[in-house]
Amino acid sequence: MNARASTKVFVTLFIAMHLIVILPGFFSTQGYAEQSRDVPFAPPTRLHFVLADGQFSLRPFVYGWDRAALDTGTYEIDRSQIYPLRFFTTGSPYTVVKGWVATTHLLGAEKPGRLFLFGTDDFGRDEFSRMLYGGRISILAGWIGAAIALFTGGIVGLISGYSGRWVDSVTMRLVELFMALPWLYLLFAVRAILPLRIETTDTFILLIAVVGIIGWARPARLVRSMVLSAKERNFVLASRAMGASHFHILRKHILPQVSGLLLTMAAYLIPQFILAEVTLSFLGLGIGEPVPSWGTLLAELQKYNVLVNYWWMYAPGVALVALFLIYHWASTTIQQKVEVPIA
Amino acid sequence: MRQLAWRLGQSILLLVGVSLCSFVLLSAAPGNFFDELKLNPQISSATVSALQAQYGANRPLPERYARWVASIVRGDWGYSLSYHSPVGGLVWQRARNTLLLTTFAVLLAWMVALPWGIAEALHKGGWIDRTGEVILALLLAMPDVLLALLLLLLAARTGWFPTGGMSSTDAAELSAAAKAWDLARHLFLPATALALTTMPILARHVRSAMVGVLDAPFLTAARGHGIPKFRLLSRYALPVALNSLISLFGFSVGSLLSISLLVEIILSWPGLGPLVVEAVLARDIYVVVAATMFSAACLIVGNLLADVLLYCTDPRIRPVHS
Amino acid sequence: MSEQSKSRSWLQLKIVLAGALFALTLLGAASKAQSPQPTAEIGRAGGRITVALRTDPKTLNPILAVDTTSREVIGAMQADLVHINRQTQRTESALASSWKVSTDGHKYTLQLRHDVKFSDGAPFTADDVVFTFQLYLDEALNSPQRDLLVIDNKPIAVKKIDNYTVEFDLTKPYGPGERIFDSLAILPKHSLEAAYRDHKIGEVWGVNAKPEEIAGLGPFRLKSYVAGQQLLLERNPNYWRKDARGKSLPYLNELLFTVVANEDAQVIKFKSGETQILERVGADNFNLLQKDSSSKSLCLSDVGPGLEFVFLLLNMNSVDATKHADIAAKELWFRDLKFREAVSLAMDRKGMVRLVYGGRATPIWGNVSPGNRLWLSANIQYPERSIDQAKALLKSDGFSWDANGALLDSQKHPVTFTVVVSSSNAQRTKIATVAQDDLKQLGIDVRVVPLEFRALVDRVMNTHDYDAVLMNLVNGDVDPTPEMGLWRYSGEMHLWDMGEKTAATPWEAELDKLMESQMTTTDYATRKKLYDRVQEIVAQNLPLVFLLSPDILVGAQSTVGNFRPGILDPYALWNVDEQFIRPTGATCH
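Protein chains in written order, with my numbering: chain A, 867 to 1209; chain B, 43 to 364; chain C, 59 to 647.
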């Protein structure tokens, strides 16, 4: 596979993943909060192609579960009835944008058959649908957090590193203060002070914003150390000697050098802020039930019995890793393109 | 020397800032240590308020802060309401264990990250670089929580490593060598979990710093002069890349303390992590403040170290206050 | 083993109970017939038992200890005058060999055991008892035990009759009677008197105290403590109890507490044999352990529902209508009995038990858990879950539904509220998730808000700034008296409407009277009748929407002898003085 082809593959994957998580309702098979209390921790529904009489069916179908076995907590397939899969089925309603409610799903099994592509969780909720909805929240969290942190951190670092003297000294003390502060406890305090009656998603975005605001310190520090050594280089000194304005020097000479660093930062900041969300969920401070995020879904794995017994609950983890890989690739590619040779 | 004294003064100011911030933040959080007693049907509210008065929990914030500063002078670092004892000794017992763990983890992480990053930079675009990057990305994508749990699972399944604690129950009867081996076995899982979470970040910084240097014109020139590869690396490239790596080192020392929190809890390492979380939940304020101060102090020492080293290695950096 | 077969029949009873709810009435009758008189097995001396603790013990000073971990450790080091047998839930003699009650029920005369010595060799006499109660009752010390010893605002009086006789004056007849003495550690006067005189009692017997400074009457004494890691106790050679053959207890040489913060790690340690006893484990881990318990020779015991009850609390406090207008508006629904009944009818308690506790809990409709064999009323109704009935009830009460199925009150305002849960309790969040879905079927839009525990308590106890809370309470004893603060309208735990000056409703007034008279009545049958009526009123008026009571789940290696857990704290270690290590494992099931 040459470079162009791999670029195409990655770009397609990047777009596909974001499309799926931006439009989770359409791609999901049911709502994220729909409980089927009779089937907790059901394994993924298998798609079948061969009918009982040995005939091959081009249209995949699924079986239901044996009722009697379900009562004893075991999942046995009941072969008496088949439920073919259909595209563009009508199912539970979802909101595309505010005010536009749709009911068409990409895939579904014929009623009353049930399709759990990635199995179910402890309430019998469809893990596949929850994963898609969860992705939306988590990716949003990563973007907002990283954007705030990089923007604030980049500007502070540039100013601090370039102006030096007391500005540098004061901001760096501030950076150190921010980095030394126990942000976990700050979050405890913030959530507890916030009013109860705001939307769960708003609470969440607020918390992520707090993480982002606290997260500016590290980028600031790295940018500053980069600027510090860049501004002592000969061509910058020469440029200054020739009477170039501060803004000109910052934009033309320093920013290009720093931008590579900023992108490397972004490459792991977005995943890191998604991970911050996972940590929050681990401590029970994530988004409230029943709204899923990859953090709350992964937090399920922290229960030992889920970790050992229900392998399909790893699905959000696999999605997370896949997404991070794509981001990683995207950032390195951009970095290579941007890396203007220093001259 | 004056420079150093100046930095030390700044550090103390910073610590004061940290203590003030944590004090205010923790007081802003609703609820206090005695609230849980109110849920105990056997304890009356009169007793609860008497206890609050006894420990001065109902005094105004400035007064409590002043009392706390006075207790630092005595070496107490405040009074732990749940342990009924001065905080200083309590936190130091645990901090030692955390320091042991993080020192080990930092060493481990850098020992892997340095050669890894350099190897990738040298073979930029080659298969070593690419597979290396894929592994790093996978490790980065793995939440530390999940990593720690998977290691716990490994320990439970194989029985090769002890699950939690830092010594066996019969450690007191062992010889010195056996004790060290016992400690190493207990240290292995949490240190690996910690090292694996920081290593990819470090390795990528090493790589990016090295790549920047290797592409620099002076190195192209040096290469043109036919200087051997190893000499090129050790005498020309590394010293230049060191600049950004040193501040990264300071960062890795300081930040590990906060990363270790979750790992310590999951893998039951008797460090600051479990103590602090317990204290935060119990609103045992002075324990949290002392732990925060300790973690801040570690960070400051890390940064000081980085600055001093930076000053020694890069003469272009002028003293800020000369 | 006789006690094991008993625990199994208890378990089966519980399964019947979970399967068919009408069996609950059976339980009331059956449990009295089966209350076992346990006979301890004769053990062999030596060995060590290791138990994992979630946190460090905070102090070894019984005057100061409030947290369960410290009290558990102290329980192994100290002894009380009269002890509640955790299995029978009845009292039995301890340091007091016998006691007499005066005819008016005011005075308890306790006969102390002779020739008992503290762990440091000093003799135990009535002076120690008087000194101990002086400490507990000293207002300056603010001991958490003090409130237990104050009956109707009057502290009990203690008098030494002779060296081995002590008289307690409770000032009025007291329902729980001698249960008051359980878990009150008797302290050595000779080693604490000086500290008490110097006002230093709050500083002695910390976790870092030297072992020789601490003396006790319990089966074990301190040997060493390593912060964050372990606390080692060794056999107290002067312990006063003897087994049936007259051999000195305890059997064990050492009792080791190790600190393991994480439950999963505790389970792994237990499975690998590093610890011998697993105190209180979650349902998920219990079921997981049970799957491979046969191969690992583990004895797992579901002791049945404990004294904890989980409930939904709807805010009915009088709040400042200008400051909290939204809460005041919601309280109109919450104060409406039919609304509360509808909420209760919609709750899928069986679903909660199955989905959240893997079947290891019991649905409840009243305040007394089925595990409380002495006090559970047989007359409580257990209405089946019915969304239709709940909807009919709401309809008859003036509620209606809009086109989307959302519930509207009589003023056509949509009915929505938030439920606060403790963020550190995963199970309670899960219960809230089920309740949320249940209420959605009534058209009520409920939001679950996880809050950190102290913040939650602050809202419930101090600011009353909440709509509804999903929380739990744990009773310290099976006796009804600890619930005084909850059911009396002036009580400090009157959660749904705190600080009532007069009873807000007739039934609250009746509850108050009933609780008052049960406390000052000594006859069990009369008290039972009074308390039955309390349970009936509570179940009818639903000040709290009761949901379930989790089972007490414990485990031990099959090598541990005399492992007989109960539903009272400490569940597995209450008889640690009788526990011993067998050379080979015995069969458990």
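Quick reminder that beta carbons are idealized off the backbone N, C-alpha and C, glycines included.
Euclidean distance between Cα positions of residue i and residue j
i, j, result
"residue 887 of chain A", "residue 491 of chain C", "24 Å"
"residue 345 of chain C", "residue 613 of chain C", "11 Å"
"residue 1095 of chain A", "residue 175 of chain B", "27 Å"
"residue 348 of chain B", "residue 292 of chain B", "5 Å"
"residue 122 of chain C", "residue 343 of chain C", "33 Å"
"residue 1178 of chain A", "residue 984 of chain A", "6 Å"
"residue 874 of chain A", "residue 939 of chain A", "46 Å"
"residue 113 of chain C", "residue 319 of chain B", "11 Å"
"residue 639 of chain C", "residue 249 of chain B", "58 Å"
"residue 76 of chain B", "residue 523 of chain C", "19 Å"
"residue 601 of chain C", "residue 1195 of chain A", "58 Å"
"residue 216 of chain B", "residue 224 of chain B", "9 Å"
"residue 1187 of chain A", "residue 1157 of chain A", "21 Å"
"residue 512 of chain C", "residue 520 of chain C", "11 Å"
"residue 1090 of chain A", "residue 1031 of chain A", "13 Å"
Exposure label - residue i; buried when at least 16 CB within 10 Å
i, result
"residue 456 of chain C", "exposed"
"residue 485 of chain C", "buried"
"residue 582 of chain C", "exposed"
"residue 488 of chain C", "buried"
"residue 202 of chain B", "exposed"
"residue 108 of chain B", "exposed"
"residue 107 of chain C", "buried"
"residue 303 of chain C", "exposed"
"residue 366 of chain B", "Limits of chain B in this structure are 43 at one end and 364 at the other, which puts residue 366 of chain B out of reach."
"residue 247 of chain C", "buried"
"residue 268 of chain B", "exposed"
"residue 373 of chain C", "buried"
"residue 904 of chain A", "exposed"
"residue 340 of chain B", "buried"
Sequence-distant residues of the same chain with beta carbon closer than 8 Å to residue i, five excluded per side
i, result
"residue 477 of chain C", "370, 490, 493, 494, 504, 505, 506, 507, 525, 526, 527 and 528"
"residue 969 of chain A", "956, 957, 958, 959 and 960"
"residue 1175 of chain A", "907"
"residue 218 of chain B", "none"
Boundaries (first-last residue) of the alpha helix (DSSP H) holding residue i
i, result
"residue 238 of chain B", "218-256"
"residue 184 of chain B", "It is not in any alpha helix (DSSP H) - residue 184 of chain B carries neither H nor E in the DSSP assignment."
"residue 1163 of chain A", "1160-1165"
"residue 1171 of chain A", "1170-1175"
"residue 391 of chain C", "383-392"
"residue 185 of chain C", "184-195"
Endpoints, the beta strand (DSSP E) within which residue i is located
i, result
"residue 504 of chain C", "503-509"
"residue 269 of chain B", "Here residue 269 of chain B belongs to no beta strand (DSSP E), and DSSP marks it neither H nor E."
Anticipated Cβ contact below 8 Å, residue i with residue j, distance rounded
i, j, result
"residue 194 of chain B", "residue 309 of chain B", "6 Å"
"residue 998 of chain A", "residue 893 of chain A", "6 Å"
"residue 69 of chain B", "residue 80 of chain B", "So it is not a contact: roughly 19 Å between Cβ atoms."
"residue 322 of chain B", "residue 331 of chain B", "About 11 Å separates the two Cβ atoms, so there is no contact after all."
"residue 465 of chain C", "residue 500 of chain C", "6 Å"
"residue 150 of chain B", "residue 222 of chain B", "About 17 Å separates the two Cβ atoms, so there is no contact after all."
Same chain only: Cβ atoms within 6 Å of residue i, ignoring 5 sequence neighbours per side
i, result
"residue 363 of chain C", "420, 427, 428, 429, 607 and 609"
"residue 72 of chain B", "none"
"residue 1081 of chain A", "1015"
"residue 1008 of chain A", "1136, 1139 and 1140"
"residue 290 of chain B", "247"
Sequence-distant residues of the same chain with beta carbon closer than 7 Å to residue i, five excluded per side
i, result
"residue 155 of chain B", "241, 244, 245 and 248"
"residue 117 of chain B", "130"
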